[in-house]
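Numbering (this note's numbering), first residue to last: 1154 to 1643.
Pasting the structure below:
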């Protein structure tokens, strides 16, 4: 009975002994050891590549010494860090009052201490902001940017001041070697030109992590391997051609003056360095093999022939058929070293079109227009029929704005128009517009029919309808007009 009584009377007593340890892992180590346990990487993890992409930890002690009251120029007191924790406090962090002279002096002391610190090994490079015409292929990278002229060749006495260099590609490659395994190196592709038909390109390698050396070597080699291409009217190619290198195919087509260069970004840079201004190039196959693109395009440029060379090779006249002259033939070039062939001497291959001859029978693949699956549905046909009268409205509006036929309806113009309308209404040159929320205004007795205030003065006074309801009619209005005024006001 006694045990039963104790079990009911003493339910909160614990007979299991407990140990309270006041010394633990965090109290046995100092702050440096604890910080290393959080931020450091083990040797095993470093071998596996951990911690290479981790953001560096920026300790506050790099800027101010934590734990001393005079460390911060603002004299901030942190209870528990540089201040004793009181028994009861309401402000966990507060500032110590100080004058402006003391604050400026503390700032100067901190600047002097920071200046005494040794500079860090890694410095952030200051990048110059470039315009859209000077930027490269991707963002702020220097691939695709103009690197300046090549170095002068003192042995040959050649100066390259009018040349420009552009780096197309810098990547890491490897080769399997006996006893070494994968031997990594840096490969770079560089193209140079003077904008007048002279250019050169080269691909070189350098040891790994020496990309600048690879680019410099490629520039030197490219300056020694120059070639010249002839341009039609110093702006485009002589004939359409086809070029191929491995899995990359290039179809180049000449264009009229002012067309521009529509091509792969690498080909656009080549055309800029060679002085080609009007060209359309379609690239098929592998478009990321930049070396293949350069080889295919440059090979087609080198193997093209001028009109005079074509006339000497075929012993035929080269004529131009222009629709502006009703396709009347105009002789452009004639053979010089041999007489012109007769009609019976012309072979079938010579009767082939020049596009087919220089294109080697290859044509770019043109995909047909995408056909909608719901093109014959009645709902789609009705929607197209409703949009048919407005099919050219947007283009006509743009044309009117460009030609100055219609003034631009901008915010500034709308503000000017509204100000003019407001002045005309105030001066009485134009009646007040009536519409939703603007009932007809009837002046009270004894008031002049003159508008001298803002638009709110045009509305009847607040006690106007009260007088009407009380039987104090001061206006000669019919019952229907009064009801209409009340409905509008409500």
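All C-beta atoms, glycine included, are put in the ideal place defined by N, C-alpha and C.
* Counting only runs of 4+ residues fully inside the region 1453-1483, write out the alpha helix (DSSP H) ranges in chain order. => 1460-1467
* What span of residues does the beta strand (DSSP E) with residue 1324 cover, start to end? -> As a working note, residue 1324 is residue 171 in the chain shown. First-last of the beta strand (DSSP E) with residue 1324: 1317-1330.
* To do: Using only alpha-carbon positions, find the residue among 1527, 1511, 1447 that is nearest to residue 1416.
  => Taking the first residue of the chain shown as position 1, residue 1416 is located at position 263. Of the candidates 1527, 1511, 1447, the one whose C-alpha sits nearest the C-alpha of residue 1416 is 1447.
* Please report how far the alpha carbon of residue 1413 lies from the alpha carbon of residue 1431, in whole angstroms. => Numbered from 1 along the chain shown, position 260 holds the residue referred to as residue 1413. Numbered from 1 along the chain shown, position 278 holds the residue referred to as residue 1431. For residue 1413 and residue 1431, the distance between alpha carbons rounds to 4 Å.
* Should residue 1460 be labelled buried (16 or more other beta-carbon atoms within 10 Å of its own) or exposed? -> Sequence index remark: in the chain shown, residue 1460 carries index 307 (1-based). Residue 1460 is buried by the Cβ-count criterion.
* Asked: Hey, quick one: how far does the beta strand (DSSP E) through residue 1345 stretch, first residue to last?
  -> Indexing the chain shown from 1 puts residue 1345 at position 192. Segment 1334-1346, the beta strand (DSSP E) holding residue 1345.
* **Proximity below 8 Å, CB of residue 1368 to CB of residue 1343** => The residue you call residue 1368 lines up with position 215 of the chain shown. The residue you call residue 1343 lines up with position 190 of the chain shown. Cβ distance < 8 Å, so residue 1368 and residue 1343 count as in contact.
* Quick one: what does DSSP say residue 1365 is sitting in, helix, strand or coil? -> Sequence index remark: in the chain shown, residue 1365 carries index 212 (1-based). Helix at residue 1365.
* To do: Give the range of the alpha helix (DSSP H) segment to which residue 1197 is assigned.
  => Numbered from its first residue, the chain shown carries residue 1197 at position 44. Counted as a single uninterrupted DSSP element, the alpha helix (DSSP H) harbouring residue 1197 occupies residues 1196-1200.
* Run of the beta strand (DSSP E) containing residue 1433, from where it starts to where it stops -> Counting from one through the chain shown, the residue named residue 1433 turns up at place 280. Where residue 1433 is concerned, the enclosing beta strand (DSSP E) starts and stops at 1432-1438.
* Check whether the Cβ atoms of residue 1532 and residue 1453 sit closer than 8 Å, and answer yes or no. => Position 379 of the chain shown holds residue 1532. Position 300 of the chain shown holds residue 1453. No, they are not a contact pair.
* Inspect the beta-carbon positions of residue 1472 and residue 1482 and report whether they are closer than 8 Å. => Locating residue 1472 in the chain shown gives position 319, where the first residue counts as 1. Locating residue 1482 in the chain shown gives position 329, where the first residue counts as 1. Going by C-beta atoms, residue 1472 is nearer than 8 Å to residue 1482.
* **Cut-off 6 Å between Cβ atoms - residues of its own chain near residue 1385, not counting five sequence neighbours on either side** => Locating residue 1385 in the chain shown gives position 232, where the first residue counts as 1. Answer for residue 1385: 1391, listed in chain order.
* To do: Using three-state DSSP, classify residue 1545 as helix, strand or coil.
  => Here residue 1545 is taken as the residue at index 392 of the chain shown, counted from 1. If DSSP states are grouped into helix, strand and coil, residue 1545 belongs with coil.
* Between the Cα of residue 1348 and those of 1252, 1333, 1299, 1581, spot the shortest distance and give me the residue it belongs to. => For this step, residue 1348 is matched to residue 195 along the chain shown. Ranking 1252, 1333, 1299, 1581 by Cα distance to residue 1348 puts 1299 first.
* Which class does residue 1153 belong to by DSSP, given the choice of helix, strand or coil? -> Outside the displayed range of the chain (1154 to 1643) lies residue 1153, so it cannot be described from this structure.
* Alpha carbon to alpha carbon, how far is residue 1539 from residue 1526? Give it in angstroms, no decimals. => The residue given as residue 1526 occupies position 373 in the chain shown. The residue given as residue 1539 occupies position 386 in the chain shown. Rounded to whole angstroms, residue 1526 to residue 1539 spans 20 Å at the Cα level.
* Can the beta-carbon of residue 1398 be found less than 8 Å from the beta-carbon of residue 1352? -> As a working note, residue 1398 is residue 245 in the chain shown. As a working note, residue 1352 is residue 199 in the chain shown. No.
* To do: Go ahead and label residue 1559 buried or exposed: buried means 16 or more other beta carbons lie within 10 angstroms of its beta carbon, across all protein chains shown.
  => For the purposes of this step, residue 1559 is identified with residue 406 of the chain shown, where counting begins at 1. Classification of residue 1559: exposed, given that the 10 Å Cβ count is below 16.
* **Beta-carbon proximity list for residue 1371, same chain, < 6 Å, skipping 5 on both sides** => Translated into positions along the chain shown, residue 1371 becomes position 218. Contacts found: 1341, 1343, 1355, 1357.
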